[in-house]
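Chemist: First, the structure itself, so that you have it in front of you.
There are 4 protein chains.
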Amino acid sequence: GYPLALIGGPCVIESEEFTLKMATEIAKVCDRLGISFIFKSSFDKANRTSVDSFRGQNLEAGLKILQRVKTEVGVPVLTDIHESYQAAIAAEVVDVLQIPAFLCRQTDLLVAAAATGKTVNVKKGQFLAPWDMKHVVRKLESAGTQRILLTERGTSFGYNTLVVDFRSLPQMREFGYPIVFDATHSVQMPGGQGNKSGGQRQFVPYLARAATAIGIDALFMEIHENPDTAPSDGPNMIPLAHLETVLKQVLSIRNGLEVAPTVCFS
Amino acid sequence: GYPLALIGGPCVIESEEFTLKMATEIAKVCDRLGISFIFKSSFDKANRTSVDSFRGQNLEAGLKILQRVKTEVGVPVLTDIHESYQAAIAAEVVDVLQIPAFLCRQTDLLVAAAATGKTVNVKKGQFLAPWDMKHVVRKLESAGTQRILLTERGTSFGYNTLVVDFRSLPQMREFGYPIVFDATHSVQMPGGQGNKSGGQRQFVPYLARAATAIGIDALFMEIHENPDTAPSDGPNMIPLAHLETVLKQVLSIRNGLEVAPTVCFS
Amino acid sequence: GYPLALIGGPCVIESEEFTLKMATEIAKVCDRLGISFIFKSSFDKANRTSVDSFRGQNLEAGLKILQRVKTEVGVPVLTDIHESYQAAIAAEVVDVLQIPAFLCRQTDLLVAAAATGKTVNVKKGQFLAPWDMKHVVRKLESAGTQRILLTERGTSFGYNTLVVDFRSLPQMREFGYPIVFDATHSVQMPGGQGNKSGGQRQFVPYLARAATAIGIDALFMEIHENPDTAPSDGPNMIPLAHLETVLKQVLSIRNGLEVAPTVCFS
Amino acid sequence: GYPLALIGGPCVIESEEFTLKMATEIAKVCDRLGISFIFKSSFDKANRTSVDSFRGQNLEAGLKILQRVKTEVGVPVLTDIHESYQAAIAAEVVDVLQIPAFLCRQTDLLVAAAATGKTVNVKKGQFLAPWDMKHVVRKLESAGTQRILLTERGTSFGYNTLVVDFRSLPQMREFGYPIVFDATHSVQMPGGQGNKSGGQRQFVPYLARAATAIGIDALFMEIHENPDTAPSDGPNMIPLAHLETVLKQVLSIRNGLEVAPTVCFS
C-alpha cells in the first residue's frame with residue numbers, strides 16, 4: 296500500500312527556537328514510525344475570532360523561520376496564505392501553499408497559488424458541499440497546476456459547531472487528487488468560547504482513526520508541547536507527548552485497511 | 296478483545312420463505328467469520344414516507360415468522376415497536392425490542408419496552424444531541440431495566456439529508472451501555488426521492504469501517520438479496536452477495552484497533 | 296381579509312381551577328381584539344426530556360377539564376395525542392386533535408385521528424422538509440378527512456437548537472390547508488438546559504410578527520400567568536400580561552399585509 | 296419612525312449603459328415611494344462557483360462606471376472588495392465598502408476598509424453565529440470606525456442550502472449599528488445548479504416582508520431588468536418590473552409595525 300503522511304506542527308509560528316524544537320521533535324516521531332512528515336505552521340492568523348488575539352510573526356519573519364526548519368530539520372514545509380500577493384513570496388520558501396477554508400472560493404488567491412508551481416492544499420469550506428470542491432479543483436487546474444491536495448476539516452452544523460461528514464473523503468477522492476483529513480480543525484468549536492474558538496481535543500484520535508479507516512493520503516494535526524498555553528487553537532491541538540500513541544493507532548488501522556479486500560457497489 | 300456483533304436482515308418482513316432464507320444466509324456468513332448475529336426485520340413500517348407504501352405483515356403474522364427464524368435458524372431476533380401495547384406482545388417472541396429514532400423520547404413506549412425484561416435497543420433521534428440520550432437511558436433505567444443498547448443512525452442536516460457525527464459513539468458510550476452503529480439508515484436520504492426515501496448504499500462500507508475504527512459493540516446493517524426490488528429502504532440496504540466482503544473489512548479494522556494502545560486525554 | 300385565529304393556552308393542564316382561569320383570561324383578550332380563539336392544553340407530556348418531569352393529568356381527568364373549558368368559557372379546545380387509541384377518546388371532547396412533531400409520520404396515529412372526523416392539526420417534524428408534509432397530508436386525506444391544519448414549529452439546526460425556515464409557510468400552503476405558526480416551540484432549545492428544554496421567550500414577538508407578515512391563518516402560542524414557575528415549556532411561554540400587546544403587534548402587521556397588493560413570480 | 300433604505304442594483308457591473316439605466320430606473324421607484332436608495336453593483340465576482348463564470352469589469356473600469364452613477368443619477372454607491380489593497384482604491388469613489396460574507400473574519404480586509412473612513416457593510420458569514428458578529432464589529436471599531444452596517448444573508452443549512460434565522464436581526468442590533476437584510480442572497484442555493492449557484496426568487500417578497508416585520512434599517516435586494524439572462528445571481532434577483540410592488544408590500548408592513556407598541560421581555 297501507499298504510505299501515510301503527516302502534515303503537522305504548532306498552529307502558529309511562535310518563537311524561532313520553539314518552532315525549530317517542535318519540528319525536530321515531530322520529525323523524530325515520524326522517523327521512528329516510517330511516516331512522511333510535512334511541517335505546518337502559520338505566519339499569520341489572518342482570521343482570528345477577535346482582533347486582540349495573537350496573529351503570529353509577519354510574513355518575512357515567518358518565512359525565515361520556516362526556511363530554517365527546512366534546512367536544519369530537513370523536512371518540507373507548509374504555510375497558509377490569505378491574499379494573492381503572498382503566494383509568490385511564500386513560495387520562495389515553502390513546499391506547499393495552503394488555502395484556508397473560508398477562502399477556498401477566492402479565485403484570485405487560488406490562481407496566484409497555482410501560478411507558483413508549488414503544491415496547493417485547499418481546505419474545503421465549512422459552507423461547501425464536497426461535490427462543489429470540483430469547481431475549486433477546476434480553478435486550480437485551469438491556472439495550470441495539477442499539484443493539488445484537498446482537505447476535509449468539518450462543515451457548519453448549527454452555531455459554533457462543526458461536523459465531519461466522512462462521505463466527503465471518497466467523494467472528494469473522485470476528483471483524482473490526494474485527500475487529507477484535518478483532525479484538529481474538525482473538532483474546533485468556532486467562536487465557542489466567547490472571544491475565541493473552543494475545541495474538543497479528546498475526539499482527535501477517534502476522528503483520525505475513522506478517517507484512516509475510510510482511506511486518506513495524509514493526516515493533518517496541529518501539535519504543541521503544551522496546548523493549554525498555546526496562543527491559537529490550543530483547545531484542539533494535541534500534546535506532543537501523545538503524538539506517537541495517536542499515530543500508532545492510526546497506523547494499526549491503516550494496516551488493517553490494507554489487508555482488507557475492497558468492496559465497491561452503487 | 297470483545298467480539299463484534301451484527302444486527303442485520305431485510306428491512307421489513309416480506310414472505311415467510313424469503314425471511315427464513317435471508318436469516319439462514321446471513322447466519323452462514325456470520326458463522327464463517329465468527330461474528331455474533333441478531334436477526335432484524337420489521338413487522339410493520341409504521342412511519343413510511345407515503346401512505347401507499349408497503350407496510351409489512353401485521354404484528355401477529357410477523358411474530359410468527361420471527362419465531363420460525365428463532366427456532367429454525369437458531370439466532371436471536373429483533374424487531375421494532377411503535378405503540379406501547381405492542382411491547383408485551385412482541386416480547387413473547389423477540390429477544391431485542393427496538394425503539395425507532397422518531398419515537399426515542401416517547402416515555403410510555405420506553406417504559407412498556409423496559410417492563411418486558413427484554414433488551415431494548417434505542418435509536419438516537421435524528422433531532423437529538425448525543426448527550427441528551429442520557430435522559431432516554433434514565434427513562435429505561437427508572438422503568439427497571441439495564442439491558443440497553445444505544446444506536447447511532449444519523450442526525451438531521453438540512454433537508455432530506457442525514458450526517459453521522461462520529462463523536463456520538465464515544466459520547467454515548469459514557470452512559471455505560473453497548474453502542475451500535477446503524478450503517479444503513481445513516482446513509483438514508485429521508486424523503487429524498489419524492490414519495491419515498493432515497494439512500495446512498497455505496498457509502499455503507501466506508502461508514503461501517505469508520506465506526507469500527509472508533510469502537511462499537513455491534514454493527515447494524517440491513518441486507519437484502521436484491522435491494523433494488525425491495526419494498527422498503529432498498530436504496531440503502533446492501534446486497535447479500537457483498538455482505539461477507541464488507542464484514543471482512545470491518546473485522547480487519549477491528550483487529551487493527553485491538554492491537555493499538557488506547558490514548559485518552561482531555 | 297380573512298380573520299386571524301389564536302391557538303393558545305398553558306402548555307400542560309395543571310389544576311382544573313388554573314386551566315379554567317387561563318382560558319377565561321385569554322378569551323377576554325381575544326374578544327377585545329376580534330381574534331378567534333382555540334384553547335390548547337396537553338393532558339400528557341408524553342415526550343418530556345426527563346422521566347422525572349411533570350407529565351400532566353391523565354387522559355380522563357384532562358378531558359374532563361377541557362370539557363369544562365368548552366362549556367363554561369365557550370371556546371373550542373385542542374389537545375395532542377400520542378398513541379392511536381387516544382384519538383377516539385379525546386375526540387369525544389376536543390374540537391381539534393393535534394399530532395406532535397416527533398409523531399408526524401406515524402401512520403396509525405394519523406389515520407386514527409382522521410377517522411374521528413375532528414380537525415387534525417399536524418406539526419411539521421423537526422426532521423422533515425416542508426415539501427415532505429405533502430405525504431402527511433395524503434395520509435390524512437386517504438383516511439377520509441380534509442379538516443387539516445399544518446403547523447410550522449422549527450427545524451433541527453445543529454444540536455439543542457431549532458431554526459424557523461419561513462419559506463415553509465408558503466411551501467406548505469400549497470397543499471391547500473390553513474397554515475399555523477407555532478411561535479412558542481420555534482424558540483425552544485431542545486434539551487438545552489441539561490435535563491429539560493430551554494427556550495428564548497424574548498424572540499416570540501419577533502417571530503410571530505415575521506410569520507404574520509408572510510401570511511398565516513392562525514398563530515399558536517403557549518401562554519402562562521407565570522411562565523417562570525410553569526411545569527413545562529416555561530422558558531418559551533409568554534406571560535399572560537403581555538399577550539394583548541403581542542397580539543396587537545401581530546394585528547398591525549396583518550392589517551399592513553392586507554392593504555398591500557400581492558406579488559407572485561417564479 | 297425612521298425611514299427604510301434600499302440597497303439595490305444588478306449583482307455585477309455589466310455594461311456602462313446598462314448599469315446607468317438600472318440605477319436610474321431603481322432611483323425613480325425609490326423616489327416615488329420615499330425610500331432612500333444606495334446603488335449596489337460589484338466590479339468583480341471574486342468567488343464565483345466556477346472559474347468559467349463572468350467576473351465583471353476590472354476594478355478601474357468598474358469604479359469609473361460607479362462614479363458616473365453617483366454623478367449622473369445622484370445616488371450613493373456601494374461595492375464589495377475582496378483583498379485589502381482594494382479598499383483605498385474603491386473608497387475614492389464609493390460611499391459604502393462591502394465585506395463579502397466569506398471574508399467577514401479577514402482582519403486585514405476589515406482594517407483596510409475601516410481605515411478609509413467610508414461606511415463599511417459587513418455581511419454575516421454563512422458559517423457564523425449572529426453573536427459572533429460582535430468580534431467583527433470590534434475589529435472595525437478598533438481600526439477607528441463606527442460607520443458600520445451589519446447584514447444578514449442566510450446561514451449554512453446542510454448542503455447547497457441557506458436558511459435565515461430571523462433571530463439574528465434583533466441579536467445583531469444589540470451591537471448598536473444599523474441592520475440590513477439581504478433578501479437576494481438569503482434565497483441563494485450555493486452551488487445548487489452544478490457549476491453555478493441556484494436561487495429561489497419567488498421567496499424574496501416573503502422574506503423581505505418578514506424582515507421588515509421584525510425591524511430592519513435597510514433592505515438589500517439585487518434587481519435586474521431580465522434576471523433570467525443575467526450573468527450572475529440571476530435565479531435570486533427580482534425583475535425590475537416587480538420592484539415597486541415588492542417595496543409597497545414592505546412599506547405597508549413597516550407602517551403596520553410603526554403603529555404597534557413595542558413589547559420587550561426576557
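Chains as they are written, first to last, in our numbering: chain A, 296 to 561; chain B, 296 to 561; chain C, 296 to 561; chain D, 296 to 561.
Ideal Cβ positions, reconstructed from N, Cα and C, are used throughout, including at glycine.
Predicted model, so just to flag it, every value in this text is computed and none were measured.
#1: Let me make sure I understand the geometry here. Which of C:499, C:482, C:392 has the alpha-carbon closest to that of residue 379 (chain C)?
#2: Give a yes or no on contact between the stretch 357-366 of chain D and the stretch 374-388 of chain D, applying the rule of three or more CB pairs nearer than 8 Å.
#3: For residue 365 (chain C), name the three-state secondary structure that DSSP assigns.
#4: Along the chain, where does the beta strand (DSSP E) containing residue 304 (chain B) start, and where does it finish?
#5: Interface residues of chain A around residue 456 (chain C) at Cβ under 8 Å?
#6: Are the C-beta atoms of residue 375 (chain A) and some chain D residue less than 9 Å apart?
#7: CA-CA distance, residue 331 (chain A) and residue 325 (chain A)?
#8: Among residues of its own chain, excluding the 5 on either side of residue 470 (chain D), which ones have a beta-carbon nearer than 6 Å to its beta-carbon?
#9: By Cβ distance below 7 Å, which residues in the same chain neighbour residue 337 (chain D) in space, the five residues on each side in sequence not counted?
#10: Note down the Cα distance separating residue 384 (chain A) from residue 353 (chain A), rounded to an integer number of angstroms.
#11: Drop a sphere of 10 angstroms on the beta-carbon of residue 553 (chain A), count the other beta-carbons inside from all chains shown, and report buried for 16 or more, exposed for fewer.
#12: With distances taken between CB atoms, is the gap from residue 315 (chain B) to residue 367 (chain B) smaller than 9 Å?
#13: Examine chain B for any beta-carbon lying closer than 9 Å to the beta-carbon of residue 473 (chain C), and answer yes or no.
#14: Compile a chain-ordered list of the residues in the stretch 483-507 of chain D whose CB is closer than 8 Å to at least one CB of chain A.
#15: Anything in chain A within Cβ reach of residue 303 (chain B), meaning under 9 Å, just list it in chain order.
#16: Is the beta carbon of residue 477 (chain A) less than 9 Å from the beta carbon of residue 299 (chain A)?
#17: Can you confirm whether residue 296 (chain D), when its beta carbon is compared against all beta carbons of chain C, has any partner nearer than 9 Å?
#18: My output table needs one value for residue 544 (chain D): the three-state DSSP class, helix, strand or coil.
#19: At a CB-CB cut-off below 7 Å, which residues of chain C make contact with residue 343 (chain B)?
#20: Using 8 Å as the threshold, is the stretch 478-492 of chain A in touch with the stretch 438-458 of chain A, meaning 3 or more CB pairs across them?
#21: Mind checking which residues open and close the beta strand (DSSP E) that includes residue 443 (chain B)?
#22: Where residue 346 (chain A) and residue 410 (chain D) are concerned, what is the direct C-alpha to C-alpha distance, given to the nearest angstrom?
#23: Out of A:419, A:420, A:424, A:437, state which residue places its alpha-carbon closest to the alpha-carbon of residue 407 (chain A).
#24: Going by beta carbon distance, what residues of the same chain come within less than 8 Å of residue 382 (chain B), once the five residues before and after it are set aside?
#25: Along chain D, which residues have their Cβ under 9 Å away from the Cβ of residue 465 (chain C)?
#26: From the DSSP output, which residues share a beta bridge with residue 517 (chain D)?
#27: Using 9 Å as the limit for Cβ to Cβ distance, is residue 544 (chain A) near chain C?
#28: With a cut-off of 9 Å, does the C-beta of residue 378 (chain D) fall near any C-beta of chain A?
#29: Quick one: what's got a C-beta closer than 8 Å to residue 397 (chain D)'s C-beta in the same chain, skipping five residues either side?
#30: Scan the stretch 453-494 of chain A and note each continuous alpha helix (DSSP H) run of 4 residues or more that stays entirely inside, going in chain order.
#31: Considering only their Cβ atoms, is the gap separating residue 446 (chain C) from residue 490 (chain C) smaller than 9 Å?
#32: Going along chain A, which residues have a C-beta under 8 Å from residue 552 (chain B)?
#33: Based on DSSP bridge pairs, tell me the residues matched to residue 533 (chain C).
#34: Based on Cα-Cα distance, which residue from A:528, A:451, A:365, A:322 lies nearest to residue 492 (chain A)?
#35: So within the stretch 324-405 of chain A, which uninterrupted alpha helix (DSSP H) runs reach at least 4 residues, ignoring any that extend past its ends?
#36: For residue 525 (chain C), which residues from the same chain have a beta carbon less than 7 Å from its beta carbon, with the 5 sequence-adjacent residues on both sides left out?
Modeler: In terms of the structure at hand:
#1: Considering only alpha carbons, the answer is C:392.
#2: At 8 Å Cβ cutoff, the stretches touch.
#3: It is helical.
#4: Residue 304 (chain B): member of the beta strand (DSSP E) spanning 300-304, first to last residue.
#5: At a C-beta separation below 8 Å, residue 456 (chain C) has these neighbours in chain A: 453, 454.
#6: Taking 9 Å as the threshold, the shortest C-beta distance from residue 375 (chain A) to chain D does not fall below it.
#7: Answer to the nearest angstrom: the Cα atoms are 7 Å apart.
#8: If the five residues before and after residue 470 (chain D) are omitted, its C-beta is found closer than 6 Å to the C-beta atoms of 429, 432, all from its own chain and listed in chain order.
#9: Excluding sequence neighbours, residue 337 (chain D) sits near 306, 307, 308, 351, 374, 375.
#10: Taking the CA atoms as reference points, residue 384 (chain A) sits about 12 Å from residue 353 (chain A).
#11: Result: exposed.
#12: Taking C-beta atoms as the reference points, residue 315 (chain B) and residue 367 (chain B) count as a pair closer than 9 Å.
#13: Taking CB atoms only, residue 473 (chain C) has no neighbour in chain B less than 9 Å away.
#14: From the stretch 483-507 of chain D, only 485, 486, 490 have a Cβ closer than 8 Å to chain A.
#15: Under the 9 Å cutoff, chain A gives no residues; its nearest Cβ is about 16 Å from residue 303 (chain B).
#16: Contact flag unset, no.
#17: Confidence at residue 296 (chain D) is low in this model, with a pLDDT of 46, below 50, so its placement is unreliable and no value can be given for it.
#18: Residue 544 (chain D) falls in the helix class under three-state DSSP.
#19: Within chain C, the residues near residue 343 (chain B) are 402.
#20: The stretch 478-492 of chain A is in contact with the stretch 438-458 of chain A.
#21: Per DSSP, residue 443 (chain B) belongs to the beta strand (DSSP E) from 443-447.
#22: For the pair residue 346 (chain A) and residue 410 (chain D), the Cα-to-Cα distance works out to about 15 Å.
#23: It is A:437.
#24: When the five nearest sequence neighbours on each side are left out, the beta carbons in the same chain lying within less than 8 Å of the beta carbon of residue 382 (chain B) are those of 376, 392, 404, 407, 408, 410, 411, in order along the chain.
#25: Here the neighbours are 497, 498, 501.
#26: According to DSSP, residue 517 (chain D) bridges with D:304.
#27: No - not a single Cβ of chain C is within 9 Å of the one on residue 544 (chain A).
#28: Yes - at least one Cβ of chain A is within 9 Å of the one on residue 378 (chain D).
#29: If we look at residue 397 (chain D) and ignore the five residues flanking it on each side, its Cβ neighbours are 342, 420, 421.
#30: Runs of the alpha helix (DSSP H) inside the stretch 453-494 of chain A: 463-468.
#31: In this structure, residue 446 (chain C) does not lie closer than 9 Å to residue 490 (chain C) by Cβ.
#32: Near residue 552 (chain B) (Cβ distances below 8 Å), the residues of chain A are 504, 544, 547, 548, 551.
#33: Beta-bridge partners assigned by DSSP to residue 533 (chain C): C:518.
#34: Of A:528, A:451, A:365, A:322, the smallest CA-CA separation from residue 492 (chain A) is found for A:528.
#35: 354-363, 380-386, all fully within the stretch 324-405 of chain A.
#36: Excluding its 5 nearest sequence neighbours in each direction, residue 525 (chain C) has C-beta neighbours in its own chain below 7 Å: 305, 306, 519, 532, listed in chain order.
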